[in-house]
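Okay, so here's the structure we're looking at.
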Amino acid sequence: NPPTTQNGNLFTGLAAGTYDITVTSDRGCFTTQTITIDEPNALDAAITDVTDFACNMNNAVQSASIEVTITAGTGTPSYTYSVNGGAFIPTAGNVFTYTVTTAGNYDIIVKDSNGCTYTLPTQTINPLPTITDVSVAQITEITCNNDEVARVTVTGGSGDFSFELLPTGSAIVQAPGAATYTADFTLTAPGSYTFRVTDNVTGCYFTTAPYNVAPYDLIEVVATAVTPVTCYGDSDGVMEIEVTNYIGNYSYEVFNSNGTTTSITNTGVAPGVQSISGLPAGNFYVVITATDTPFCDDTTNTITIGSPNAILNLVETNNINANCNIGAQVTVSASGGNGGYTYAFVEDGAAVNPGDYSTSASDILDPATNLNWDVWVKDAMDCTYKIDVVIAEDPMPTVSLPAYADDQCTSNGTSYTFTATGTGVAPIKYSIGNGFQSSGTFT
Numbered sequence: 266n267p268p269t270t271q272n273g274n275l276f277t278g279l280a281a282g283t284y285d286i287t288v289t290s291d292r293g294c295f296t297t298q299t300i301t302i303d304e305p306n307a308l309d310a311a312i313t314d315v316t317d318f319a320c321n322m323n324n325a326v327q328s329a330s331i332e333v334t335i336t337a338g339t340g341t342p343s344y345t346y347s348v349n350g351g352a353f354i355p356t357a358g359n360v361f362t363y364t365v366t367t368a369g370n371y372d373i374i375v376k377d378s379n380g381c382t383y384t385l386p387t388q389t390i391n392p393l394p395t396i397t398d399v400s401v402a403q404i405t406e407i408t409c410n411n412d413e414v415a416r417v418t419v420t421g422g423s424g425d426f427s428f429e430l431l432p433t434g435s436a437i438v439q440a441p442g443a444a445t446y447t448a449d450f451t452l453t454a455p456g457s458y459t460f461r462v463t464d465n466v467t468g469c470y471f472t473t474a475p476y477n478v479a480p481y482d483l484i485e486v487v488a489t490a491v492t493p494v495t496c497y498g499d500s501d502g503v504m505e506i507e508v509t510n511y512i513g514n515y516s517y518e519v520f521n522s523n524g525t526t527t528s529i530t531n532t533g534v535a536p537g538v539q540s541i542s543g544l545p546a547g548n549f550y551v552v553i554t555a556t557d558t559p560f561c562d563d564t565t566n567t568i569t570i571g572s573p574n575a576i577l578n579l580v581e582t583n584n585i586n587a588n589c590n591i592g593a594q595v596t597v598s599a600s601g602g603n604g605g606y607t608y609a610f611v612e613d614g615a616a617v618n619p620g621d622y623s624t625s626a627s628d629i630l631d632p633a634t635n636l637n638w639d640v641w642v643k644d645a646m647d648c649t650y651k652i653d654v655v656i657a658e659d660p661m662p663t664v665s666l667p668a669y670a671d672d673q674c675t676s677n678g679t680s681y682t683f684t685a686t687g688t689g690v691a692p693i694k695y696s697i698g699n700g701f702q703s704s705g706t707f708t
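All the letters of the sequence shown, read from the start, carry residue numbers 266 to 708 under our numbering.
Put into structure tokens, the structure is as follows:
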């Protein structure tokens with residue numbers, strides 16, 4: 266560079282380097298001295314950490330921040346910085362942090378004590394990706410065949426979430442990964458459930474309103490004995506079942522009280538009363554199974570179908586033969602059944618009409634009509650039983666006399682004696698016109 270000549274002794278605006286300074290007097294005398302001018306290293310800085318908006322453990326939003334580090338040995342301390350053209354703010358050292366309260370672009374300039382500046386690249390602070398809503402929807406309704414499935418869906422946020430079923434004990438957590446906004450939870454019992462979704466990027470969370478799983482296994486069935494067995498050993502008893510707290514179709518099966526099936530099955534529709542017939546005497550319960558949602562079953566109370574204590578029976582207690590004066594006298598005796606007995610005496614094989622029955626357990630039967638008779642008994646429930654009765658007739662009496670001669674005389678001219686022999690039903694009595702006697706000898 267060409268030399269600079271001036272009258273003053275102060276040189277300004279010099280760049281770093283080595284300079285020869287010559288001083289010349291008015292007489293032309295001079296002297297020269299070499300001087301070196303140094304310069305500091307160029308000011309340098311970098312953004313070393315950026316913290317985006319986030320939430321603390323109490324879910325309160327925390328400010329974002331930008332951390333700047335001034336490279337050691339550059340520029341001339343002390344330093345100041347300016348953000349987006351604002352006033353310069355002193356730093357406490359080579360590292361400073363700027364707190365950001367509003368999302369946007371931030372231009373930071375660092376300046377040293379010599380006024381040298383360094384402009385950092387524009388730093389963008391994004392808005393907090395707020396979770397705006399979390400909804401819970403039923404995917405599968407709980408029934409006796411399956412659990413409830415609820416789907417939790419997030420609106421907003423960063424796209425990377427943890428889903429929690431808040432605990433009564435320990436939480437159930439799902440972390441499906443980035444860009445997944447839903448998670449399904451299996452709920453095994455009725456109750457109130459609360460879910461929390463945490464944004465894995467920001468730490469912010471959203472807690473849902475309670476999600477209720479309503480009670481579902483409510484079906485109830487009550488059995489009532491309606492009609493006992495009519496006749497001992499029959500299977501015409503009737504019971505009823507009433508299903509409540511359920512609307513829909515069902516199937517049922519009748520069991521003996523010892524747990525064995527009666528093989529009586531059918532279907533019904535609730536609500537309402539279902540009649541079940543064809544039951545023998547005994548103790549029974551019914552198991553019903555809903556064939557519509559919620560597909561639950563229930564068991565009734567045990568009921569008793571009554572019956573007569575013993576089978577209706579009839580025995581012949583008296584059978585007196587007919588004779589020339591009266592028919593055969595037959596008496597019977599009934600037992601078992603339902604009481605209230607009536608009786609019918611008809612010829613063997615003849616049909617019995619309602620009018621044939623009477624309350625009398627005895628009858629006089631004509632052997633001239635038939636020797637074989639059917640005797641029926643009917644109880645208060647119209648159960649019947651028959652026995653065969655055979656009647657007989659006593660033989661007519663006969664008498665025989667010894668041979669005699671009508672001109673026969675006694676040897677001494679006194680009385681005549683003969684003896685008659687009779688047959689018939691004892692005791693046999695004899696008479697020759699003067700009253701009956703036990704002996705068959707007459708004089």
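Think of the CB as a built atom: it goes at the ideal place given N, C-alpha and C, for glycine as much as any other residue.
Note that this is a predicted model, so its numbers are computed, not measured.
Supposed contact pair residue j and residue i - C-beta distance, whole angstroms, cut 8 Å
i, j, result
"Y346", "I373", "6 Å"
"F707", "I693", "Not a contact, Cβ separation roughly 14 Å."
"A615", "P632", "With 8 Å as the limit, A615 and P632 do not qualify as a contact, their Cβ atoms being about 16 Å apart."
"N637", "V655", "6 Å"
"D464", "Y383", "In fact, because the Cβ distance is near 36 Å, the residues do not count as touching under 8 Å."
"I541", "I506", "7 Å"
"P536", "V491", "18 Å between Cβ atoms; not a contact."
"S427", "A440", "5 Å"
"S378", "P355", "Not quite, the Cβ-Cβ distance comes to about 10 Å (not below 8 Å), so this is no contact."
Exposure of residue i, with buried meaning 16 or more beta-carbon neighbours within 10 Å
i, result
"G434", "Low local confidence applies: a pLDDT of 46 at G434 is under 50, so the model's placement there is unreliable, and no value is given."
"N410", "exposed"
"I568", "buried"
"I396", "buried"
"G502", "buried"
"C294", "exposed"
"S423", "buried"
"T564", "exposed"
"T270", "exposed"
"V462", "buried"
"E413", "buried"
"G220", "Nothing can be reported for residue 220: it is not among the residues displayed for the chain, which extend from 266 to 708."
"P701", "For the sequence presented, residue 701 should be read as Phe rather than Pro. That one is exposed."
"S572", "buried"
"I512", "exposed"
"I404", "exposed"
"I407", "buried"
"S522", "exposed"
"D628", "buried"
Option nearest residue i by Cα separation, candidates the options
i, options, result
"T686", "S703, G698, Q327 and D314", "S703"
"Y371", "C469, S330 and Y470", "S330"
"K651", "A626, N349 and A307", "A626"
"I335", "G282, I312 and V348", "I312"
"F471", "S400, T408 and F520", "S400"
"D285", "D291, R292, T297 and L279", "T297"
"V365", "D644, T316 and T530", "T316"
"A352", "Q388, K376 and P559", "K376"
"T532", "N514, D482, N574 and V551", "N514"
"T277", "T582, I302 and T287", "I302"
"F549", "P559, L452 and I570", "I570"
"E304", "A310, N323, A325 and G340", "G340"
"N324", "L452, S516, G468 and V419", "G468"
"N588", "V552, N574, L630 and G498", "L630"
"T649", "A575, C496 and D557", "C496"
Residue i - partner residues in DSSP beta bridges
i, result
"M504", "A490 and I541"
"N514", "V534"
"R461", "E429 and T472"
"C320", "V326"
"T447", "T418"
"A402", "R416"
"D639", "V611 and D653"
"K376", "T345 and T382"
"V315", "I331"
"L393", "The partner list for L393 (beta bridge, DSSP) is empty, contrary to what the question assumes."
"I598", "Correcting the residue identity first, residue 598 is Ser in this sequence and not Ile. Answer by DSSP bridge pairing, in chain order: V580."
"E658", "A587"
"E485", "T509"
"F549", "N521 and I568"
"L630", "A593"
CB contact below 8 Å: residue i versus chain D
i, result
"F276", "Absent here is chain D; the protein component of the structure consists of one chain."
Cβ-heavy atom distance, residue i to the ligand GTP, below 7 Å
i, result
"T313", "Absence of the ligand GTP is noted for the structure shown, with no ligands found whatsoever."
The segment 638 to 650 contacting the segment 593 to 606, beta-carbon criterion three pairs below 8 Å: yes
Does the segment 539 to 549 come into contact with the segment 583 to 595, if we say contact requires no fewer than three beta-carbon pairs (one atom in each stretch) closer than 8 Å? no
Taking contact to mean at least 3 C-beta pairs separated by less than 8 Å, is the segment 482 to 500 in contact with the segment 553 to 563? yes
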